[in-house]
Amino acid sequence: MTIAVGLFALLTAAIGLILLRTARQARVSKPTQKSSAKRTVPHDAPPTAAPTREETAAPAPPAPAEPAAPPSSKPKEKRVTPAEAIAREREERLLKGLEKTRVGLAARFKGLFKIGRPVDEAFLDELEEQMIGSDMGVEGVMKIVEDVREMYKSKQIESQEGIRDYIKDEMVKTMSEGGIGLTFAPTTPTVILVAGVNGSGKTTSIAKLANLLVQEGKKVILAASDTFRAAAVEQLDIWSQRIGADIVKHQTGADPGAVTFDALDAAIARGADVLIVDTAGRLHTQQNLMKELGKIERVIKKKVPDGPHEVLLILDATTGQNAISQGKLFAEVIGVTGIFLTKLDGTAKGGIVVGLKNQLDLPVKFVGLGESPDDIEPFSPRKFVDAMFE
Ligand SMILES: Nc1nc2c(ncn2[C@@H]2O[C@H](COP(=O)(O)OP(=O)(O)O)[C@@H](O)[C@H]2O)c(=O)[nH]1
Ligand SMILES: [Mg+2]
Numbered sequence: 006m007t008i009a010v011g012l013f014a015l016l017t018a019a020i021g022l023i024l025l026r027t028a029r030q031a032r033v034s035k036p037t038q039k040s041s042a043k044r045t046v047p048h049d050a051p052p053t054a055a056p057t058r059e060e061t062a063a064p065a066p067p068a069p070a071e072p073a074a075p076p077s078s079k080p081k082e083k084r085v086t087p088a089e090a091i092a093r094e095r096e097e098r099l100l101k102g103l104e105k106t107r108v109g110l111a112a113r114f115k116g117l118f119k120i121g122r123p124v125d126e127a128f129l130d131e132l133e134e135q136m137i138g139s140d141m142g143v144e145g146v147m148k149i150v151e152d153v154r155e156m157y158k159s160k161q162i163e164s165q166e167g168i169r170d171y172i173k174d175e176m177v178k179t180m181s182e183g184g185i186g187l188t189f190a191p192t193t194p195t196v197i198l199v200a201g202v203n204g205s206g207k208t209t210s211i212a213k214l215a216n217l218l219v220q221e222g223k224k225v226i227l228a229a230s231d232t233f234r235a236a237a238v239e240q241l242d243i244w245s246q247r248i249g250a251d252i253v254k255h256q257t258g259a260d261p262g263a264v265t266f267d268a269l270d271a272a273i274a275r276g277a278d279v280l281i282v283d284t285a286g287r288l289h290t291q292q293n294l295m296k297e298l299g300k301i302e303r304v305i306k307k308k309v310p311d312g313p314h315e316v317l318l319i320l321d322a323t324t325g326q327n328a329i330s331q332g333k334l335f336a337e338v339i340g341v342t343g344i345f346l347t348k349l350d351g352t353a354k355g356g357i358v359v360g361l362k363n364q365l366d367l368p369v370k371f372v373g374l375g376e377s378p379d380d381i382e383p384f385s386p387r388k389f390v391d392a393m394f395e
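Going by the numbering used here, the sequence shown opens with residue 6, and the numbers climb by one from there.
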């Protein structure tokens, strides 16, 4: 009898467990309504350009309660005044885009900036190590830490807080050198040449930049001068329609110089304010690539002698030191005027912005914080550093 009762209890418990699991599974297998927006991974990104994405290591975001909207139709916030709303939205986007960096920095500095920890040699060594670890560039960091050491000895800085503020100020100072924002031509059109290896985010960044300029009321024309890849022209074409910019394109395989030439003609004839030139970026034909870029630059100069007014190099922040090597390579061949640093949302090492300035002496002019046309931030060193250390 006792055995029978025992068995019955066991059976009831087992059925209960099965029912519970089934219910859970049903919940789990319900569509999680995660964004289905597909990443358009470049078709022929060379292995050398393969981004060492850290995203994969990051924990998956919780499924949103509502169906995720496609990137183009982000729900707008309640508006206060339009200007305020835009400013707030930008700030939030920057904070969100730098979330990985902020979490990464907070983790790095957790053991450092804590109440009661004295500032001594061990503190300064650890500070140096953690700053270098976040891709800020060895030499620049060593200099900052050396300054901190001196100032601490001479009692110019006395607290952890003081050290933190000093580091932030130094970062802002470093990054402000070399000019912020775009250089516009005294007479239109302003010509912006965009270069970078495949997959770094050239086309997407062009779309973002064009979108920003169109929103400012400028007439923008895009030149589809990446004629190597079949999908490249099409991709730029789709973006141009979406953001309201004109495009000049030829067939895949056409001469990029000829496309640029026609685009310059169109820009002049149509009175465009800005012409943005997309280019190919295959590293395995490095010499050809550089020759091609040189040729495009010469075509521009023929039509617009003081152009290109900006040569923006697109670098993928998630590739860390690799981005810096690429920067060196391009800067040797074309007169790079600034960097558009993409995929900052995908790295915990936002310190690379400081590293780029320290190691390449090129200013970051824009950062990319996502895949939609709005995910662009004109680079402001102070805002960036504040967001980084928030
Ligand atoms: N998360 C994120 N993805 C980006 C960003 N910029 C570009 N991408 C993605 O990187 C991939 C390559 O971009 P694409 O513009 O085609 O690169 P291109 O080959 O240099 O023209 C695409 O999947 C883009 O959506 C960014 O700032 N953040
Ligand atoms: Mg492209």
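Note that CB positions come from ideal geometry on N, CA and C, so glycine has one too.
If I measure Cβ to Cβ from residue i and keep anything under 6 Å in the same chain, skipping five residues before and after, which residues do I get?
{"i": "ALA392", "result": "LEU99, LEU100, LEU103"}
{"i": "MET136", "result": "VAL146"}
{"i": "LYS308", "result": "LEU269"}
{"i": "LEU198", "result": "VAL282, PRO313, VAL316"}
{"i": "ALA272", "result": "PRO194, ILE226, LEU280"}
{"i": "ALA190", "result": "HIS314"}
{"i": "GLU221", "result": "none"}
{"i": "THR342", "result": "GLU315, VAL316"}
{"i": "ALA237", "result": "ASP231"}
Which residues in the same chain have their Cβ closer than 7 Å to the Cβ of residue i, if we skip the five residues on either side of it in sequence?
{"i": "GLU239", "result": "none"}
{"i": "ALA212", "result": "TRP244, ILE248, PRO378"}
{"i": "GLU395", "result": "LEU100, ARG107"}
{"i": "GLY201", "result": "LYS207, GLY286, LEU318, ILE319, LEU320"}
{"i": "GLY138", "result": "ARG113"}
{"i": "ILE162", "result": "VAL153, MET156, ILE168, TYR171"}
{"i": "SER230", "result": "PRO261, VAL264, THR265, VAL282, ASP283, THR284, ILE301"}
{"i": "VAL219", "result": "VAL225, ILE248, GLY249, ALA250"}
{"i": "ALA353", "result": "GLU59, LYS105, THR106, VAL108, GLY109"}
{"i": "ARG387", "result": "VAL177"}
{"i": "LYS333", "result": "LEU365"}
Whole angstroms are fine: how far does the CA of residue j sit from the CA of residue i?
{"i": "ALA328", "j": "HIS314", "result": "23 Å"}
{"i": "LYS173", "j": "GLY204", "result": "32 Å"}
{"i": "THR193", "j": "ALA277", "result": "7 Å"}
{"i": "PHE233", "j": "THR284", "result": "9 Å"}
{"i": "LYS105", "j": "ALA322", "result": "12 Å"}
{"i": "GLY325", "j": "LEU280", "result": "30 Å"}
{"i": "ALA336", "j": "ARG122", "result": "43 Å"}
{"i": "ALA235", "j": "VAL253", "result": "15 Å"}
{"i": "VAL85", "j": "ASP380", "result": "21 Å"}
{"i": "LEU269", "j": "GLY109", "result": "44 Å"}
{"i": "GLU97", "j": "ILE344", "result": "22 Å"}
{"i": "THR347", "j": "ILE339", "result": "20 Å"}
{"i": "ASP140", "j": "LEU361", "result": "9 Å"}
{"i": "ILE91", "j": "LEU217", "result": "12 Å"}
{"i": "GLU175", "j": "PHE389", "result": "13 Å"}
{"i": "ALA70", "j": "ILE185", "result": "Its pLDDT being 41, under 50, ALA70 is placed unreliably in this model, and the coordinates cannot settle the point."}
{"i": "LYS39", "j": "VAL359", "result": "The predicted position of LYS39 is uncertain, since its pLDDT is 35 and thus under 50; no value can be drawn from it."}
{"i": "GLU182", "j": "LEU365", "result": "12 Å"}
{"i": "MET180", "j": "GLN331", "result": "19 Å"}
{"i": "LEU187", "j": "GLU126", "result": "42 Å"}
{"i": "GLY356", "j": "GLU89", "result": "29 Å"}
{"i": "VAL196", "j": "ILE305", "result": "8 Å"}
{"i": "GLN246", "j": "ILE149", "result": "47 Å"}
{"i": "LEU214", "j": "GLY373", "result": "10 Å"}
{"i": "ASN303", "j": "PRO310", "result": "Contrary to the premise, residue 303 reads as Arg rather than Asn in this sequence. Roughly 9 Å between the two C-alpha positions."}
{"i": "GLY351", "j": "GLY258", "result": "32 Å"}
{"i": "ARG93", "j": "VAL124", "result": "37 Å"}
{"i": "ASN363", "j": "PHE384", "result": "16 Å"}
With which residues is residue i paired in a DSSP beta bridge?
{"i": "PHE345", "result": "ILE319, PHE371"}
{"i": "LEU280", "result": "VAL196, ILE226"}
{"i": "ILE252", "result": "LEU227"}
{"i": "GLU382", "result": "VAL372"}
For residue i, which residues from the same chain have a beta carbon less than 8 Å from its beta carbon, with the 5 sequence-adjacent residues on both sides left out?
{"i": "ARG95", "result": "GLU382"}
{"i": "LEU117", "result": "PHE128, GLU131, LEU132, GLN135, GLN165"}
{"i": "ASP242", "result": "ALA229, ILE252, LYS254"}
{"i": "VAL143", "result": "ILE137"}
Is there contact here, the stretch 261-278 with the stretch 294-309, by at least three beta-carbon pairs under 8 Å?
yes
Between the stretch 152-163 and the stretch 360-378, are three or more C-beta pairs nearer than 8 Å?
no
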